[in-house]
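> Can you read through this structure? Questions will come right after.
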Amino acid sequence: MTSQSLATIRLFLIAGATSMSSKSHSLIVAAQQSGVIEDLVDDGPYTVCPQVPSLHCLNGSTCLEGMSSIDDQHAHLNLKSHESGYYCDCLPGFIGHDCGVQVEDCGDPADPADPSSDLTGEVITSCYHGSKCKSFQADAATRYYCDCDALNAVTGPTSTKYAGNACEHASTSTCAFSLYRYNETTREYDASNHQFCTNGGTCTTLVHGNDPHPGCVCREGWTGSHCEVSAPTIVVAESRATSTAGKVMLGCYLVAIAAVASYLVVLLIRFKREKVAFAAGSGGGGVIVDSNVALGENKENAGVESPNAKESDALENLSRAEGGAALKLKKEEDGAADFKIV
């Protein structure tokens, strides 16, 4: 289709004629069928993919079969491929499965992974959605930032606004009662270019015109005045701190349990020793002989046989070791065993 035909179609669309002749209608239908039509919103001309009519290839791109590939430096945008198996082959300066994201490369600064590099923090290599790269010197190297304010200022009041280090986050809500406010100094209407939230955040309150940005209540995982800063690192840090605290608490519990167990073992040993000492040296005259207690009372035919010399020596040694009373064995004339504690 010639440029003259496209110009004719554009005139018909912009004029918004109340009636349309069959000839002009045929021209528009022909333009749609050929895949070239004017998008009257923001995206500019796009090409309809013949195999997938829902896929509109923007900014001069052409439709191809396959999956779009994204360079690693743009991976953080999480751009998705079209589910149809077709994509748009982008011209330089655009990325995305439909080539709808404008990108400007900022050059090749020093590699922060290089040990000889003085760069610290995030390194900006690209600016998005029409924002421009701005350079400055830091850490003996050239650094870049993206001028989101300048981008937002030149777009219309109803246009999408952007925030983030690379202007990568689009506005999802606006915080102004009115999109315009009359400026007495410039005698012009100012657009609200900074009162917005991104990533599903909500405005803390609504304000007028170019009043200061009221701030946003961000969804989980986001922070910043416009909810443009990802917060996974904060969550990970808190998780690690919680994990460390849990390990410390567990260690304290284990030490306490070990101390209590040791104390109980000591008490048990002392109890057994005192029991043996009590049986050997109590005033009741009881003594353990072959696991039986023989009372010290003199009764005929008590049936308790005298321990042999070896057992007597063991009892005497046990008494001395425990600090108990000495045992003296006295044999009565009737042949019965009688133990006397002295």
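Residue numbers (mature numbering (1 follows the signal peptide of the UniProt record, and there is no 0)): -19 to -1, 1 to 323. Glycine included, C-beta positions come from ideal geometry on N, C-alpha and C. The structure displayed is predicted, hence computed values, not measured ones.
#1: Would you kindly work out how many angstroms separate the C-alpha atoms of glycine 145 and glutamate 209, rounded to a whole number?
#2: Could you check if isoleucine 105 is buried or exposed, using at least 16 other CB atoms within 10 Å of its CB as the buried criterion?
#3: Please name the residue in Cys87, Ala242, Ala147, Thr183 whose C-alpha comes closest to that of threonine 153.
#4: Could you tell me the distance, in whole angstroms, from the CA atom of serine 50 to the CA atom of threonine 141?
#5: If you pair each beta-carbon of the stretch 113 to 128 with each one of the stretch 70 to 77, do three or more pairs fall below 8 Å?
#6: Just the C-alpha distance for valine 84 and leucine 235, rounded to the nearest angstrom, thanks.
#7: Could you check what DSSP says for serine 62 in three-state terms: helix, strand or coil?
#8: Mind checking alanine 147: buried by the 16 CB within 10 Å criterion, or exposed?
#9: Provide the residue span of the beta strand (DSSP E) that contains valine 84, from first to last.
#10: By DSSP, does phenylalanine 75 sit in helix, in strand, or in coil?
#11: To which residues does DSSP link leucine 45 through a beta bridge?
#12: Under 7 Å: does the beta carbon of aspartate 52 sit that close to some heavy atom of the ligand GTP?
#13: Provide the residue span of the alpha helix (DSSP H) that contains cysteine 129, from first to last.
#14: Once DSSP output is grouped into helix, strand and coil, what is the label at valine 29?
#15: Suppose you measure from the CA of threonine 155 to the CA of glutamate 201; what does that come to, to the nearest Å?
#16: Determine the direct distance from the alpha carbon of valine 229 to that of arginine 251, and round the result to whole angstroms.
#17: Give every residue of the same chain whose Cβ lies closer than 8 Å to the Cβ of aspartate 130, excluding the five residues on either side of it in the sequence, and list them in chain order.
#18: Nearest to aspartate 53 by CA position, among Cys44, Val33, Ser107, is which residue?
#19: Among Cys30, Ser211, Pro34, Gly47, which one has its Cα closest to the Cα of threonine 179?
#20: Ends of the beta strand (DSSP E) at lysine 115?
#21: At what residues does the beta strand (DSSP E) containing leucine 39 begin and finish?
#22: Suppose contacts are defined by Cβ-Cβ distances below 8 Å. Is tyrosine 125 in contact with valine 82 by that definition?
#23: Which one of Lys256, Ala134, Phe158, Ser62 has the shortest CA to CA distance from glycine 47?
#24: Smallest Cα separation from histidine 57: which of Ala237, Glu149, Thr185, Lys253?
Taking the geometry as given:
#1: For this step, residue 145 is matched to residue 164 along the sequence shown. For this step, residue 209 is matched to residue 228 along the sequence shown. Just so you know, the alpha carbons of glycine 145 and glutamate 209 end up roughly 5 Å apart.
#2: Position 124 of the sequence shown holds residue 105. Isoleucine 105 is buried by the Cβ-count criterion.
#3: Here residue 153 refers to the residue found at position 172 when the sequence shown is read from its first residue. The candidate whose alpha carbon is nearest that of threonine 153 is Thr183.
#4: The count along the sequence shown starts at 1 and reaches residue 50 at position 69. The count along the sequence shown starts at 1 and reaches residue 141 at position 160. Going by the C-alpha atoms only, they are around 26 Å apart.
#5: The stretch 113 to 128 vs the stretch 70 to 77: no contact.
#6: For the purposes of this step, residue 84 is identified with residue 103 of the sequence shown, where counting begins at 1. For the purposes of this step, residue 235 is identified with residue 254 of the sequence shown, where counting begins at 1. Cα to Cα, valine 84 sits roughly 57 Å from leucine 235.
#7: For the purposes of this step, residue 62 is identified with residue 81 of the sequence shown, where counting begins at 1. In the three-state reduction of the DSSP assignment, serine 62 falls in the coil class, being assigned neither a helical nor a strand state.
#8: Sequence index remark: in the sequence shown, residue 147 carries index 166 (1-based). Under this definition alanine 147 is a buried residue.
#9: Counted from its first residue, the sequence shown places residue 84 at position 103. Element bounds for valine 84: 82 to 86.
#10: Mapped onto the sequence shown, residue 75 falls at position 94. Three-state DSSP puts phenylalanine 75 in a strand.
#11: Reading the sequence shown from its first residue, position 64 is the one you call residue 45. In the DSSP assignment, leucine 45 forms a beta bridge with Tyr68.
#12: As far as ligands go, the structure on display features none, and thus does not contain the ligand GTP.
#13: By 1-based counting over the sequence shown, the position of residue 129 is 148. From DSSP, the alpha helix (DSSP H) with cysteine 129 extends over 129 to 135.
#14: Numbered from its first residue, the sequence shown carries residue 29 at position 48. In the displayed model, valine 29 falls within a strand according to three-state DSSP.
#15: The residue labelled residue 155 in the question sits at position 174 within the sequence shown. The residue labelled residue 201 in the question sits at position 220 within the sequence shown. Those two C-alpha atoms are separated by around 19 Å.
#16: Counting from one through the sequence shown, the residue named residue 251 turns up at place 270. Counting from one through the sequence shown, the residue named residue 229 turns up at place 248. Distance from the CA of arginine 251 to the CA of valine 229, rounded to the nearest whole angstrom, comes to 33 Å.
#17: Against the sequence shown, residue 130 aligns to sequence position 149. Leaving aside the five residues that flank aspartate 130 on each side, the residues in its chain whose CB is nearer than 8 Å to its CB run, in chain order, Asn174, His175.
#18: Looking up residue 53 in the sequence shown gives position 72. The shortest C-alpha separation from aspartate 53 is found at Ser107.
#19: The residue labelled residue 179 in the question sits at position 198 within the sequence shown. Among Cys30, Ser211, Pro34, Gly47, the Cα nearest to that of threonine 179 belongs to Ser211.
#20: Indexing the sequence shown from 1 puts residue 115 at position 134. Note, lysine 115: beta strand (DSSP E), 114 to 119.
#21: Here residue 39 refers to the residue found at position 58 of the sequence shown. Here the beta strand (DSSP E) through leucine 39 covers 37 to 39.
#22: Within the sequence shown, residue 125 is the residue found at index 144, counting from 1. Within the sequence shown, residue 82 is the residue found at index 101, counting from 1. Contact: no.
#23: As a position in the sequence shown, residue 47 is number 66, starting the count at 1. The shortest C-alpha to C-alpha distance from glycine 47 to any of Lys256, Ala134, Phe158, Ser62 is the one to Ser62.
#24: In the sequence shown, counting from the first residue as 1, residue 57 sits at position 76. Nearest in C-alpha terms to histidine 57, of all of Ala237, Glu149, Thr185, Lys253, is Glu149.
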